[in-house]
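Right, one structure below, let's go through it.
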Amino acid sequence: MNEANSLIQIKGLRDGLLVSLDDAPWDEQRTAFLTQVDSQPAFFKGARLALDVASQVLHVNDLVDLRDQLSDRGISLWAVISESPTTEKTAQLLGLATRVSKPRPEESRQFSVKDLGDETALFLERTLRSGTRIEFPGHVVVLGDVNPGAEIIAEGNVIIWGRLRGMVHAGAKGNKTAVICALDLSPTQLRIAEEVSASLKPQENPRPEIARINENGKLQAEFWSPG
Amino acid sequence: MPAQVITITSGKGGVGKTTAVANLAVALASNGSKVVCIDGDIGLRNLDVILGLENRIVYDIVDVIEGRCRLKQAMIRDKKLPNLYLIPAAQTRDKNAVSPSDMTRLIKELRAGYDFVLIDSPAGIERGFRNAIAAADRVLVITNPEVSAVRDADRVIGILEAEEKGPAALIINRLNPNLVKKHDMLSADDVLDLLAVELIGIVPEDENVIIGSNRGAPVAHDTKSKAGQAFRNIARRLQGETVPFLDLESQGSLWERLQRLTGRK
């Protein structure tokens, strides 16, 4: 790698690659970037590219040149992000996007934990709405509701201090002793290890319930009772 | 005071976004506010039809963004209300013709001269929806008392929370008190229970809404219609008043009339 390459950062986005340049002279950066592309043609071929040019002021011919050069290499330039209004205007003129959607971390989260002990739990103090997916390699505790369309996949137990109306999979890596508890257990679906239950009807007066796999190997829910 | 920018969205299609924008715009303008509504549904424009302004369109929002006309030239003045304007969507383009930063810039230009900017969002959670919420100060989520619509509303509220658009307010549209009473429809409480957001209005099912939309005269003009009253109340709430919710459970004469019309009594 030559020195110029250090100016360039490449990140994967949901819908393409994001290449970030800095404020060094444009020609220098463009050459450095194209050199990098040419050194890894397989990586870049067919890519959709968003270019973050910091505060560079670029005119139509600058971007047209780059777009053509990229297109020769099988790369489509899809967006140009810039702090400079002139560059933004140029990009818009060429029909390029000027903003890339930022990843939505709330929507789907996969957590990884190093040195996971048996007692590691993820605590979520909010309502999980439709479209949210939580994956966790330990236990999950939610203080809030789990709405229909939300999913929790945990390798351990799942405790919901609230209404469970979405989908929960406890013991996702095959732990048959995992349990699912909720103050109101009316999920669209429950899974523990490989066992799946159909939805449970909402009750008029919900009572806390605990679901587990019984001695016959079936998923079963029973009301919590003190003592 | 700079304008309040309000986007109306739903996730699911057909729940009444465009109707709500038209009616709220009419109600706000009748109350003396200066209002601009923007049709954000590029490629499938409807708001002009519901407002009865279809035949006056010369320029649209894409013309403004691509510099073919000035903003003022694309603003169509309402037939009845001189302080109500529409910026129509383009019919022959798609959502990608506009970017969120385009919307933000356009609305920045509008803020100074008006009291309210209402944006009609397209269905879905893709580009068009992102454009529609980009510049919003406040988002109203509209839903019907149906499981599928509520599910989509929940998803949209989740995205708005993730984007830190501030707390959304909810409009429940097309509620039928008779069906609720028979436990054949979700009640407003059921919907609120799930979505857990602020309620800003409940609009009852009312055939005058469809009649008004087809005639290009939104029902908010009609002083006798209950749905029109509901929209006028929401408008007043947006203007900062405290207005009690309509009592839909009581035997309003409208429902009796409706029942007679449909031969159920």
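Residue numbers (the numbering used here), protein chains in the order written: chain A, 10 to 236; chain B, 7 to 271.
Just so it is clear, CB atoms sit at the ideal spot from N, CA and C, and this is done for glycine as well.
Close-in-space but distant-in-sequence residues of the same chain around G25 (chain A) (CB under 7 Å, 5 per side omitted): For G25 (chain A), where only same-chain residues beyond five positions count, the Cβ hits under 7 Å are A56, R57, L58, A59, W87.
Three-state class that DSSP yields for G218 (chain B) in the structure shown: Looking at G218 (chain B) - three-state DSSP - the assignment turns out to be helix.
Assumed close pair A163 (chain A), G147 (chain A) - CB separation to whole angstroms, cut-off 8 Å: 7 Å
Spatially closest choice to C190 (chain A) from A:N225, A:A202, A:N166, by CA coordinates: A:N166
Three-state secondary structure assigned by DSSP to V149 (chain A): strand
CA-to-CA distance, E211 (chain B) to V197 (chain B), given in whole angstroms: Distance between the alpha carbons of V197 (chain B) and E211 (chain B): 16 Å.
K230 (chain B), buried or exposed, once every other Cβ within 10 Å from all chains shown has been counted against 16: exposed
Assigned secondary structure, H227 (chain B) (DSSP; H/G/I helix, E/B strand, else coil): helix
Nonlocal neighbours in the same chain, by C-beta distance under 8 Å from L30 (chain A), ignoring five residues either side: Contacts found: L16, I17, Q38, F42, L60, D61, V62, A63, Q65.
Alpha carbon of T197 (chain A) to alpha carbon of P128 (chain B), nearest angstrom: 29 Å
The segment 56–75 of chain B contacting the segment 221–228 of chain A, beta-carbon criterion three pairs below 8 Å: With a cut-off of 8 Å, the segment 221–228 of chain A and the segment 56–75 of chain B do not count as touching, because too few Cβ pairs lie within range.
Proximity winner among B:S36, B:T13, B:G20, relative to D45 (chain B) (alpha-carbon distances): B:T13
8 Å Cβ cutoff, I67 (chain B) in contact with chain A: no
Chain A contact residues for I163 (chain B), given Cβ-Cβ distances below 7 Å: R138
Spatial neighbours of Q46 (chain A) in its chain, beta-carbon cut-off 8 Å, leaving aside the 5 residues before and after: Residue 46 (chain A) is actually Val in this sequence, not Gln. Cβ within range, chain order: F53, L79, R82, I84.
Neighbourhood of L254 (chain B) by C-beta, 7 Å cutoff - its chain only, sequence neighbours within 5 removed: Cβ within range, chain order: L181, P183, I208, P210.
Proximity below 8 Å, CB of N29 (chain B) to CB of A226 (chain B): yes
Beta-bridge pairing of I44 (chain B) - partner residues as DSSP gives them: B:I93, B:I125
Q229 (chain A) (DSSP reduced to helix, strand or coil): strand
3-residue-minimum beta strand (DSSP E) runs that sit fully inside the segment 149–176 of chain A, ordered along the chain: Runs of the beta strand (DSSP E) inside the segment 149–176 of chain A: 160–163, 167–173.
First and last residue of the uninterrupted beta strand (DSSP E) at G25 (chain A): 25–29
Interface partners of L200 (chain B) on chain A, CB under 7 Å: N156
Short CB-CB distance (under 8 Å) between P8 (chain B) and chain A: no
Interface flag, R108 (chain A) vs chain B, CB-CB below 8 Å: yes
Positions along the segment 105–133 of chain B whose CB lies within less than 8 Å of some CB in chain A: Residues passing the 8 Å Cβ filter: S105, P106, S107, D108.
Proximity test, Cβ basis, 8 Å: E97 (chain A) and chain B: yes
E72 (chain B) versus L75 (chain A) - alpha carbon distance: 23 Å
A103 (chain B) versus V68 (chain B) - alpha carbon distance: 7 Å
Local Cβ density within 10 Å of N220 (chain B), reported as buried at 16 or more and exposed below that: exposed
Contact under 8 Å by Cβ, N156 (chain A) with R138 (chain A): yes
For S93 (chain A): DSSP bridge partner residues: DSSP lists no partner for S93 (chain A).
Beta carbon proximity, R76 (chain B) to chain A, threshold 8 Å: no
R144 (chain B) in three-state terms, based on DSSP: Residue state, collapsed to three classes: strand.
Listed by chain order, chain B residues near T141 (chain A) by CB distance under 7 Å: G164
Backbone secondary structure at F52 (chain A) - three-state DSSP: helix
DSSP-derived helix/strand/coil call for Q65 (chain A): coil
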